[in-house]
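**Student:** Before I ask anything, here is the structure I am working with.
4 protein chains.
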Amino acid sequence: MPKLGMEPVRRKALVDAALRTIGSQGSLDVTMSEIAREAGVSAALAHHYFGSKQQLLLATIRALLAQLRADAVAALTAAETPRARISAVIRVSFQADQFAPDVVAAWLAFYSEAQRSEEVRRLLVLYARRLHSNLLSGLRPLCPAPLAKQIADGAAALIDGLYIRQSLKAAPLSIDASVTLVEDYVAGQLNRQHGRTPSR
Amino acid sequence: MPKLGMEPVRRKALVDAALRTIGSQGSLDVTMSEIAREAGVSAALAHHYFGSKQQLLLATIRALLAQLRADAVAALTAAETPRARISAVIRVSFQADQFAPDVVAAWLAFYSEAQRSEEVRRLLVLYARRLHSNLLSGLRPLCPAPLAKQIADGAAALIDGLYIRQSLKAAPLSIDASVTLVEDYVAGQLNRQHGRTPSR
Amino acid sequence: MPKLGMEPVRRKALVDAALRTIGSQGSLDVTMSEIAREAGVSAALAHHYFGSKQQLLLATIRALLAQLRADAVAALTAAETPRARISAVIRVSFQADQFAPDVVAAWLAFYSEAQRSEEVRRLLVLYARRLHSNLLSGLRPLCPAPLAKQIADGAAALIDGLYIRQSLKAAPLSIDASVTLVEDYVAGQLNRQHGRTPSR
Amino acid sequence: MPKLGMEPVRRKALVDAALRTIGSQGSLDVTMSEIAREAGVSAALAHHYFGSKQQLLLATIRALLAQLRADAVAALTAAETPRARISAVIRVSFQADQFAPDVVAAWLAFYSEAQRSEEVRRLLVLYARRLHSNLLSGLRPLCPAPLAKQIADGAAALIDGLYIRQSLKAAPLSIDASVTLVEDYVAGQLNRQHGRTPSR
DNA sequence: CATGAATGAGTTTTCATTCAT
DNA sequence: TATGAATGAAAACTCATTCAT
């Protein structure tokens, strides 16, 4: 008995299933059948709704980024000072569900895919820019523009690097330690503006 | 025109071809045929010498890491002060050939593969440990152990993060800028030891 | 034009095709493509339904044995005296469709495969046991247990030996001659119980 | 330092290696490389001497049959009465080295191959005829021609059947029991000539 | 005499995708 | 809306065979 209005339900189920499957296998090399089975539908249905595996993958990445953006927006809205905005951005990046091994593995797979798919690349660049600009919005009031930009670059890289290292599951830093590391970086760099110029 | 003693020649040619192919496609999803063609031999020969695709891939990663290690050893040997050791490690990580888009793409692919292959994971963990300990060897004389460890963690993550961002090819930091970023991080953190304890 | 409920139809078609192909080639070294072509479907479909070549092969042997068993059961049920049971078992073993060159060739191939596949071996041992016990059920009322067992061993071996010789297609014994040979063996051995002990 | 007169040495080594390899794997699906390795030479050399895998296989069967024939000739020569000739033939068929699992497995593989190779078939037919005629030479003096032929057929089939059952390695009859079984068959049939006609 | 080097042809297997129902 | 049926295309891997040395 086909129900009406199933489309959004199925789409979401499939996107969720895709994320779970990719996360648990740590690779985009999952089959449509696996994803569909995980979602409890046939592979043909996944095709019906998304047209192709690539499209389902893109939808999945978009969903992940949308979630992250929503969390970031919420956190930024709640922050009352520039410094608090910075901390909010950092915290969101390491919040439990984003930093879970599955999700980290999925992120990695997406980065890898970005080498081949211009569209995936575009999405990740978007995320990178957003992270950068979110950090910047907190840093700009606190230091000169060039330094703010540099700190934002560094903090963003640090966050991504902690993700990648997390994916190795060896000597993994805890969420707290990760947050501390980035906070310290920002603090250290903000401090420097009053001291000597950068080394090297 | 078969010549004798071709085995090492072919092995190297295949490993090099694999790295090039993986780098240019940004994925381990390259076929043995592609790699073999790139190396100018038949796919059967690649199997003959490496037994399986997986083994050729492992040999490729090992070669990449071996090169990196050799460079690091050379750089560390030449360094005369602890501070110089740190800079040497940083510089090696961003030296032109390692930071080339192809190589960065290959790295990313390897990280992704580590999710599925215990052996690949082991190799990357090894690299991570080595980077960490190389940094530590320069940091230990300069600050208390806990701080040294933390800075090493941060610098390593920063390096990896700059790699990952490089792979997106958007707003890419130059080699120099990348080196500066890490140097500044280390400098900033070493500075902090005289101030208050890390935030949080 | 996909129809529903094709699975059992295809499975049977593939098993039949496998038996025909193996029989006509006299070897398990047939390709999935050949079998699939014979069944009028794609090789991919054969994999879809059986998972692997080995599984299709096993299903084929099982089908052959199941047929044989069904025939034996029917024949045994119809037999009214112990002696008739023995004759029934013998007759079934040489019934036209089992003794056809194709089927004999397939049997041979299966025996050969049993050397490598524990599962195939198990199936053939099962068949051997059944043949033995079917013979025994007729023999037991007619002579002491040890002799019954010996006659069953001999008759079973004789049957198998006639099969193997049949496969050479040289100086082939007819079905009737084969049946007579085994019947005579049984008769001769049953006779002996009243005479001297076995020679040697 | 190539030695002269190596040809017969290598040929024998390869044929022996082939028999061992086929026996241990229970199949003709052994590779030239395996055989060559077992013989301690390169696969190329095997080709050099035999031209093709098929030729090496044929040489191997011929060697096996030649050995069997030599044993039979020796045993027949030693036998002084017709009855003793029969027993000699039986004994040779079950002598330890022929009845070893490896050799039995090889035999089976050859029978299977006979379905595809006319040449292999010819060789096995030859063996079958020889066995038949060897038995006949002992039987002819003891009973009328038609019965002699029938007993020879039966004994030969019994021998082959015991081989095939041996290959299953389940409830295997010992060499002695196998010999007894055939002897009893012959004795029983020779006896019958004085009694009633065959049943059925 | 002997072999390492090399490959073409072939086989199993996987999978995204299509289609009729 | 949903799916079972079906396949073409591609990929890893194997192996007998050839050839130059």
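Protein chains in written order, with the numbering used here: chain A, 6 to 205; chain B, 6 to 205; chain C, 6 to 205; chain D, 6 to 205.
Glycine included, each C-beta is placed from N, C-alpha and C at the ideal position.
Every value quoted in this text rests on a predicted model; they were computed, and no experiment measured them.
Taking the straight line between their C-alpha atoms, what separation do you get for A:A79 and A:S57?
**Tutor:** As a first step, residue 79 of chain A is located in the first sequence; it is residue number 74 there, counting from the start. As a first step, residue 57 of chain A is located in the first sequence; it is residue number 52 there, counting from the start. Each residue's Cα considered, the two are about 33 Å apart.
**Student:** So that I know if they touch, is there some Cβ in chain C lying closer than 8 Å to that of D:I164?
**Tutor:** By 1-based counting over the fourth sequence, the position of residue 164 of chain D is 159. Closer than 8 Å to some Cβ of chain C, the Cβ of D:I164 qualifies, so yes.
**Student:** Just checking: is the beta-carbon of A:Q30 within a distance shorter than 8 Å of some beta-carbon in chain B?
**Tutor:** For the purposes of this step, residue 30 of chain A is taken as residue 25 along the first sequence, with counting starting at 1. Yes, contact with chain B.
**Student:** Below 7 Å on C-beta distance, what does B:D158 contact in chain A?
**Tutor:** Along the second sequence, one-based indexing puts residue 158 of chain B at 153. The answer, in chain order, is L178, L186.
**Student:** For A:R96, does the three-state DSSP call read helix, strand or coil?
**Tutor:** Along the first sequence, read from residue 1 onward, the residue named residue 96 of chain A stands at position 91. DSSP, read as helix, strand or coil, puts A:R96 in helix.
**Student:** Which residues, in order along the region 73–99 of chain D, keep a beta-carbon less than 7 Å from a beta-carbon of chain C?
**Tutor:** Residues of the region 73–99 of chain D whose Cβ lies closer than 7 Å to any Cβ of chain C: none.
**Student:** Return no unless some Cβ of chain A is closer than 8 Å to the Cβ of B:V108.
**Tutor:** To locate residue 108 of chain B, count along the second sequence from 1; it is residue 103. Not one chain A Cβ lies under 8 Å of B:V108.
**Student:** With A:A18 as the anchor, note down where its alpha helix (DSSP H) starts and where it stops.
**Tutor:** As a first step, residue 18 of chain A must be located in the first sequence, where it is residue number 13. Taken as a continuous stretch (DSSP letters only), the alpha helix (DSSP H) holding A:A18 covers 12–30.
**Student:** Give me the chain C residues within the contact set of D:G193, using Cβ-Cβ distance strictly less than 8 Å, ordered along the chain.
**Tutor:** Position 188 of the fourth sequence, counted from the first residue, corresponds to residue 193 of chain D. Near D:G193 (Cβ distances below 8 Å), the residues of chain C are Y190, G193, Q194, N196, R197.
**Student:** Starting from the beta carbon of D:I40, find every residue of chain C whose beta carbon is closer than 9 Å, and list them in chain order.
**Tutor:** Start at 1 with the first residue of the fourth sequence, and residue 40 of chain D comes out as number 35. Neighbours of D:I40 on chain C: none; closest Cβ ~17 Å, over 9 Å.
**Student:** Would a check of beta-carbon distances place D:Q60 closer than 8 Å to chain C?
**Tutor:** Working through the fourth sequence from its first residue, we reach residue 60 of chain D at position 55. No, its Cβ sits nowhere closer than 8 Å to a Cβ of chain C.
**Student:** Is there contact between the region 15–34 of chain A and the region 65–80 of chain A, where contact requires at least three CB pairs shorter than 8 Å?
**Tutor:** yes
**Student:** Does chain D have any CB closer than 8 Å to the CB of C:S204?
**Tutor:** Reading the third sequence from its first residue, position 199 is the one you call residue 204 of chain C. Per-residue confidence for C:S204 stands at a pLDDT of 43, beneath the threshold of 50, marking its modelled position as unreliable; no derived number is given.
**Student:** Please return the same chain residues whose Cβ sits closer than 6 Å to the Cβ of C:M6, not counting the five positions on each side in sequence.
**Tutor:** As a position in the third sequence, residue 6 of chain C is number 1, starting the count at 1. Confidence is the limiting factor: at C:M6 the pLDDT is only 46, short of 50, which leaves the residue's position unreliable and the question unanswerable from this model.
**Student:** Assign C:D158 to one of three DSSP states: helix, strand, or coil.
**Tutor:** Residue mapping note: residue 158 of chain C aligns to position 153 of the third sequence, counting from 1. If DSSP states are grouped into helix, strand and coil, C:D158 belongs with the helices.
**Student:** Run through chain A and tell me which residues come within less than 8 Å of B:L167, C-beta to C-beta.
**Tutor:** Within the second sequence, the letter at position 162 stands for residue 167 of chain B. By Cβ distance, chain A contributes A162, G166.
**Student:** Contact criterion: CB-CB distance below 8 Å. Does D:R67 meet it with respect to chain C?
**Tutor:** In the fourth sequence, residue 67 of chain D corresponds to position 62, counting from 1. Under the Cβ distance rule, D:R67 does not count among the residues neighbouring chain C, no pair being separated by less than 8 Å.
**Student:** Along the chain, where does the alpha helix (DSSP H) that runs through C:D34 open and close?
**Tutor:** Here residue 34 of chain C corresponds to residue number 29 of the third sequence, with the count starting at 1. Where C:D34 is concerned, there is no enclosing alpha helix (DSSP H), given that its DSSP letter is neither H nor E.
**Student:** Given a cut-off of 8 Å on the beta-carbon distance, is the pair B:A160 and B:Y190 in contact?
**Tutor:** Here residue 160 of chain B corresponds to residue number 155 of the second sequence, with the count starting at 1. Here residue 190 of chain B corresponds to residue number 185 of the second sequence, with the count starting at 1. Yes, Cβ-Cβ distance for B:A160 and B:Y190 is below 8 Å.
**Student:** Of all Cβ atoms in chain C, is any one closer than 8 Å to the Cβ of D:S172?
**Tutor:** One-based indexing of the fourth sequence puts residue 172 of chain D at position 167. Yes, D:S172 lies at the interface with chain C (some Cβ there is under 8 Å from its Cβ).
**Student:** Along the region 116–142 of chain D, what residues have a CB closer than 7 Å to any CB found in chain C?
**Tutor:** Y116, S117, A119, Q120, R121, R126, L129, V130, A133
**Student:** Excluding the 5 residues preceding and the 5 following D:R201 in the sequence, name in chain order all residues of the same chain whose CB lies nearer than 7 Å to its CB.
**Tutor:** Working through the fourth sequence from its first residue, we reach residue 201 of chain D at position 196. Because the pLDDT at D:R201 is just 45, under 50, the model does not fix this residue reliably, and the point stays unresolved.
**Student:** Take D:P146 and list the residues in its own chain whose beta-carbon comes closer than 6 Å to its own, dropping the five residues that flank it on each side.
**Tutor:** Your numbering for residue 146 of chain D matches position 141 in the fourth sequence. Answer for D:P146: P87, listed in chain order.
**Student:** With a 10 Å radius around its C-beta and 16 neighbouring C-beta atoms as the bar for buried, classify A:S138 as buried or exposed.
**Tutor:** Locating residue 138 of chain A in the first sequence gives position 133, where the first residue counts as 1. Exposed, since its Cβ has fewer than 16 Cβ neighbours within 10 Å.
**Student:** Would you kindly work out how many angstroms separate the C-alpha atoms of C:A83 and D:G193, rounded to a whole number?
**Tutor:** If you number the third sequence from 1, residue 83 of chain C lands on position 78. If you number the fourth sequence from 1, residue 193 of chain D lands on position 188. Approximately 29 Å between the Cα atoms of the pair.
**Student:** Using the C-alpha atoms, what's the distance from C:L195 back to D:N196?
**Tutor:** On the fourth sequence, residue 196 of chain D is found 191 positions in, with the first residue counted as 1. On the third sequence, residue 195 of chain C is found 190 positions in, with the first residue counted as 1. Cα-Cα distance, rounded: 12 Å.
**Student:** In the DSSP assignment, the alpha helix (DSSP H) including D:V78 goes from what residue to what residue?
**Tutor:** Against the fourth sequence, residue 78 of chain D aligns to sequence position 73. Per DSSP, D:V78 belongs to the alpha helix (DSSP H) from 58–83.
**Student:** Using three-state DSSP, classify A:A182 as helix, strand or coil.
**Tutor:** Start at 1 with the first residue of the first sequence, and residue 182 of chain A comes out as number 177. A:A182: helix per DSSP, three-state reduction.
**Student:** If you reduce the DSSP assignment to three classes, tell me which class D:L140 lands in.
**Tutor:** Start at 1 with the first residue of the fourth sequence, and residue 140 of chain D comes out as number 135. Correct three-state label for D:L140: helix.
**Student:** Give the residues of chain A in contact with B:L113, contact being defined as C-beta atoms less than 8 Å apart.
**Tutor:** Taking the first residue of the second sequence as position 1, residue 113 of chain B is located at position 108. Correct list: L113, Y116, S117, Q120.
**Student:** Would B:Y168 and B:V97 qualify as a contact pair, given that the criterion is a beta-carbon distance under 8 Å?
**Tutor:** As a first step, residue 168 of chain B is located in the second sequence; it is residue number 163 there, counting from the start. As a first step, residue 97 of chain B is located in the second sequence; it is residue number 92 there, counting from the start. Against a cut-off of 8 Å, the Cβ pair of B:V97 and B:Y168 comes out as no contact.
**Student:** Using 8 Å as the cut-off, can you tell me whether the region 121–131 of chain C makes contact with the region 41–52 of chain C, which would need three or more C-beta pairs spanning the two stretches below that distance?
**Tutor:** no
**Student:** Output yes if chain C places a C-beta closer than 8 Å to the C-beta of D:Q155; else output no.
**Tutor:** The residue labelled residue 155 of chain D in the question sits at position 150 within the fourth sequence. Chain C, which has a Cβ nearer than 8 Å to the Cβ of D:Q155, makes this yes.
**Student:** Once DSSP output is grouped into helix, strand and coil, what is the label at C:S172?
**Tutor:** Looking up residue 172 of chain C in the third sequence gives position 167. It is helical.
**Student:** Would you report the Cα separation of D:R135 and C:D165, rounded to the nearest angstrom?
**Tutor:** On the fourth sequence, residue 135 of chain D is found 130 positions in, with the first residue counted as 1. On the third sequence, residue 165 of chain C is found 160 positions in, with the first residue counted as 1. Their Cα atoms are separated by approximately 20 Å.
**Student:** In angstroms with no decimal places, state the Cα-to-Cα distance between C:L63 and C:A175.
**Tutor:** Position 58 of the third sequence, counting from 1, holds the residue named residue 63 of chain C. Position 170 of the third sequence, counting from 1, holds the residue named residue 175 of chain C. C:L63 and C:A175: Cα-Cα distance of roughly 30 Å.
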